[in-house]
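Going letter by letter, the sequence shown gives residues 37 to 342 in our numbering. Read the structure below first, then the notes.
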Amino acid sequence: MTQTAPAHPSAEAEVAALLAEFGANDANAATLLVDRHDPDAVAFMTVGTSGDDLVTTRITYGDLAAQSRKFATALAGLGVERGSRVGVLMGKRVELVVTLLALARLGAVYIPLFTAFATPAIEMRLRGGDADIVVTEASQVDKLDGIEGLTTVVAGAGSPAESASGTHDFDTLLAASEPWEDSVAVGGDGHLILLFTSGTTGAPKGVPVPVRALAAFVTYMRFGLDVTDDDVFWNAADPGWAYGLYYGILGPLATGRPNILLQAGFTPELTARILGELGVTNFAAAPTVYRALSKSGAIEGFSLRH
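Set out below in structure tokens:
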């Protein structure tokens with residue numbers, strides 16, 4: 037006879053508390069994700085490469101709070117308000133996190149767009165989500181050519197001139213904006229994300245993700261991945277899809293546990309180097325990453341806690 041393993045002794049009570057917190061009628065996503073945390077605590081560590089060196093930068097909750105307040109003002113100036121839907125076509129950049137939090141301050145909805153998408157897939161999600169503003173990066177902006185009626189904010193573009201087509205530079209908008217002093221509490225049933233399905237069984241469908249879903253993300257971080265205060269956590273999945281967005285961006289923010297954002301292309305060798313040099317103890321990724329690692333032999337000898 038198969039026996040079911042006992043649940044974590046505190047899990048039931050903790051989940052009930054999380055649902056009450058994130059599902060409350062006055063739940064405020066910006067407060068829950070960033071403002072309530074110690075401003076000096078590290079929220080993310082970005083990792084890039086310069087020659088043979090790893091370049092790491094620590095991003096604090098204070099950094100994210102300050103930048104997202106200013107970017108909320110910029111977005112409001114472009115017409116974003118409560119209930120607006122905004123596409124975000126970026127890789128693992130700090131600007132992606134800032135944009136998500138700025139939209140949360142306005143009560144607007146974030147539509148993730150995978151950077152490997154071609155123009156038709158991007159346009160379908162923008163049209164399906166009724167979004168006419170996209171925040172993107174310089175390497176992706178060409179994919180938006182031909183999509184009519186878009187206002188575009190571009191990160192890392194080197195301050196492009198304002199144009200009739202509605203192109204704005206992220207850093208220029210940020211520098212010119214005063215902090216947004218308030219944030220909209222949409223409540224636990226209010227929408228935070230509009231995530232489109234992959235479309236493997238039909239046309240992709242937009243799935244609204246409410247603020248109360250953060251309770252599920254926190255539960256998975258704690259009881260599924262067992263991310264603790266002592267871990268160096270790295271979820272290497274792409275935030276253009278659910279696993280990377282939920283448990284690489286939103287879950288870490290909601291729990292106050294830092295995540296690593298790799299700003300370079302994936303290779304097994306680079307992954308192994310980061311695991312070793314940064315002392316990663318708890319690693320999560322999409323199945324394709326594990327397949328590549330298992331065939332490479334690059335991670336032999338590593339001892340991860342999870």
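Ideal Cβ placement from N, Cα and C applies to all residues, glycine included. Every value quoted in this text rests on a predicted model; they were computed, and no experiment measured them.
Per DSSP, the continuous beta strand (DSSP E) segment holding Arg121 begins and ends at 121-125.
Around the C-beta of Gly84, fewer than 16 other C-beta atoms lie within 10 Å, and the residue is accordingly described as exposed. For the region 92-144, the full-length beta strand (DSSP E) segments reaching 3 residues or more read 121-125 along the chain. For the 8 Å CB-CB criterion, Val134 and Ser104 form a contact. The C-alpha of Asp178 is placed about 36 Å away from the C-alpha of Val268. Contact check for Leu68 against Ala108 fails: the beta carbons are separated by 8 Å or more. Here Ser332 carries a helix assignment [DSSP, helix/strand/coil].
Sequence-distant Cβ neighbours of Thr82 in its own chain, meaning closer than 6 Å and more than five residues away, are Thr93, Leu297, Gln299.
Going by beta carbons, Gly165 and Ile183 fall outside the 8 Å limit.
DSSP places Pro215 outside both helix and strand once states are collapsed to three, so it counts as coil. Taking a cut-off of 8 Å for Cβ pairs, the region 159-173 and the region 301-316 do not touch, as fewer than three such pairs fall below it. In this structure Pro240 is in contact with Arg161, their Cβ atoms being roughly 7 Å apart against a cut-off of 8 Å. Relative to the Cα of Pro246, the nearest Cα in the group Val51, Glu159, Leu286 belongs to Leu286. Runs of beta strand (DSSP E) with 3 or more residues, each lying fully within the region 225-271, are found at 227-232, 242-246, 269-271, listed in chain order. Comparing C-alpha distances from Ser120 to each of Arg129, Val130, Ala144, Ile95 shows the shortest one belongs to Ala144. Around Leu230, the same chain offers Arg121, Val145, Tyr146, Ile147, Gly165, Gly242, Val243, Pro244, Val245 as residues with beta carbons nearer than 8 Å, after the five sequence neighbours per side are excluded. For Val51, the enclosing alpha helix (DSSP H) stretches over residues 47-58. Shown here, Glu313 sits in a helix according to DSSP, grouped into three states. For a cut-off of 8 Å, the C-beta gap from Leu180 to Thr187 is around 10 Å, too long to register as a contact. A residue is called buried when at least 16 other Cβ atoms come within 10 angstroms of its Cβ; Asn61 does not meet this threshold and is exposed. Rounded to whole angstroms, the separation of the alpha carbons of Pro323 and Glu305 is 17 Å. Taking every protein chain shown into account, the CB of Glu214 has fewer than 16 other CB atoms within 10 angstroms, so this residue is exposed. For the pair of segments examined, the region 245-260 was found to touch the region 271-286: the number of CB pairs separated by less than 8 Å reaches three. Between Leu139 and Leu111 the beta-carbon gap is near 7 Å, inside 8 Å, which marks them as a contact. Just measuring C-alpha positions, the residue of Ala79, Thr151, Asp74 sitting nearest Gly276 is Thr151.
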